[in-house]
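Asker:
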Amino acid sequence: MDDFFRPEVRAFFLRWREVFFAAALALFGIWWALTGIGITQWLGVIFIVLGVAWAVAAFQRARFAQDGDGPGVVQIRERRLAYFGPLDGGVMDVADLSKLEIDPTSHPDPSWVLTSIEGQVIAIPINAAGAEDLFDVFASLPEIKTHTVLDVLSHTPDARVTVWSRVKPLLH
1 MDDFFRPEVR AFFLRWREVF FAAALALFGI WWALTGIGIT QWLGVIFIVL
51 GVAWAVAAFQ RARFAQDGDG PGVVQIRERR LAYFGPLDGG VMDVADLSKL
101 EIDPTSHPDP SWVLTSIEGQ VIAIPINAAG AEDLFDVFAS LPEIKTHTVL
151 DVLSHTPDAR VTVWSRVKPL LH
């Protein structure tokens with residue numbers, strides 16, 4: 001069955017599968033809302049709302065995801081981010097993240113550059129294995145605008161761009 005679809009078509013469906021499932025849930029909700037009786041109609045409305053909300057979030061995650069053929073592996077466990085690359089890597093708590101940048105000039109692929117409060121820097125290629133999980137980490141950062149992250153990623157700039165930064169707390 002793997003030979004039935006071309007690899008690029010299979011990759012397309014895998015990347016956007018969550019959006020398709022969310023749309024199917026919303027369509028099922030529309031069908032129940034229009035043809036149901038009593039509580040079934042209200043369940044249909046709830047399914048529509050859930051499907052649309054899920055579709056919006058899934059669409060953002062699908063836009064963020066890359067091919068995953070880049071160097072290294074990203075792991076996120078209990079709010080601790082780890083990158084294991086062929087030449088470098090590192091581990092950082094998400095709470096310690098103070099700056100998020102994208103560096104289009106890094107070799108061989110553009111990279112996310114994460115800087116901690118202590119000054120530790122981790123450069124993660126945007127297409128590293130598991131890098132799609134970074135979207136949820138980035139979305140949890142305070143006052144980040146996910147549409148800005150997606151716009152910078154889709155329109156790769158010529159120089160390093162700071163996507164998000166946190167003001168370093170001052171001690172009295």
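Every letter in the sequence shown is one number past the one before it in full-length UniProt numbering, and letter 75, counting from 1, is 75.
Using N, Cα and C, we set each Cβ at its ideal position, and we do this for glycine too.
Using 8 Å as the threshold, is the C-beta distance between T146 and V163 below it?
Answerer: Working through the sequence shown from its first residue, we reach residue 146 at position 146. Working through the sequence shown from its first residue, we reach residue 163 at position 163. No, the Cβ-Cβ distance between T146 and V163 is not below 8 Å.
Asker: Going along the chain, which residues of its own chain have a beta-carbon closer than 7 Å to the beta-carbon of R79, five neighbours each way excluded?
Answerer: Residue 79 sits at position 79 when you count from the first residue of the sequence shown. Excluding residues within five positions, the ones whose Cβ falls inside 7 Å are D93, V94 and A95.
Asker: Taking 8 Å as the threshold, find out whether the stretch 67-75 comes into contact with the stretch 130-138 through three or more Cβ pairs.
Answerer: The stretch 67-75 vs the stretch 130-138: in contact.
Asker: Would you mind working out which of W112, S106, R63 and S165 sits nearest D151, comparing C-alpha positions?
Answerer: Position 151 of the sequence shown, counting from 1, holds the residue named residue 151. With distances taken between Cα atoms, D151 lies closest to R63.
Asker: Applying the criterion that 16 or more other CB atoms from any shown protein chain within 10 Å of the CB defines a buried residue, is S111 buried or exposed?
Answerer: Translated into positions along the sequence shown, residue 111 becomes position 111. So S111 counts as buried.
Asker: Starting from the C-beta of R6, find all residues in its chain whose C-beta is less than 8 Å away, skip the five residues before and the five after it, and write them out in chain order.
Answerer: To locate residue 6, count along the sequence shown from 1; it is residue 6. Same-chain partners within the cutoff: there are none.
Asker: Taking the alpha carbon of A65 as the point to measure from, which residue in F13, I144 and G38 has its own alpha carbon closest?
Answerer: Within the sequence shown, the letter at position 65 stands for residue 65. Per the Cα distances, F13.
Asker: Where DSSP assigns a beta bridge to G89, which residues make up the other side?
Answerer: Stepping through the sequence shown from its first residue, residue 89 is reached at position 89. Answer is F84, bridged to G89.
Asker: Measuring CB to CB, does V49 end up less than 8 Å from A33?
Answerer: Taking the first residue of the sequence shown as 1, we reach residue 49 at position 49. Taking the first residue of the sequence shown as 1, we reach residue 33 at position 33. No. Outside cutoff.
Asker: Roughly how many angstroms separate the alpha carbons of A53 and Q60, rounded to a whole number?
Answerer: Taking the first residue of the sequence shown as position 1, residue 53 is located at position 53. Taking the first residue of the sequence shown as position 1, residue 60 is located at position 60. Taking the straight line from one Cα to the other gives about 11 Å.
Asker: Suppose the cutoff is 8 Å on Cβ atoms and the five residues either side in sequence are ignored; what does the same chain contact list for I102 look like?
Answerer: Taking the sequence shown and counting its residues from 1, the one referred to as residue 102 is at position 102. The residues are P110, S111, W112, V113, I126, V152, L153, T156, P157, R160, V161 and V163.
Asker: Identify every residue that forms a DSSP beta bridge with I76.
Answerer: As a first step, residue 76 is located in the sequence shown; it is residue number 76 there, counting from the start. According to DSSP, which records beta bridges pairwise, I76 is partnered with L81.
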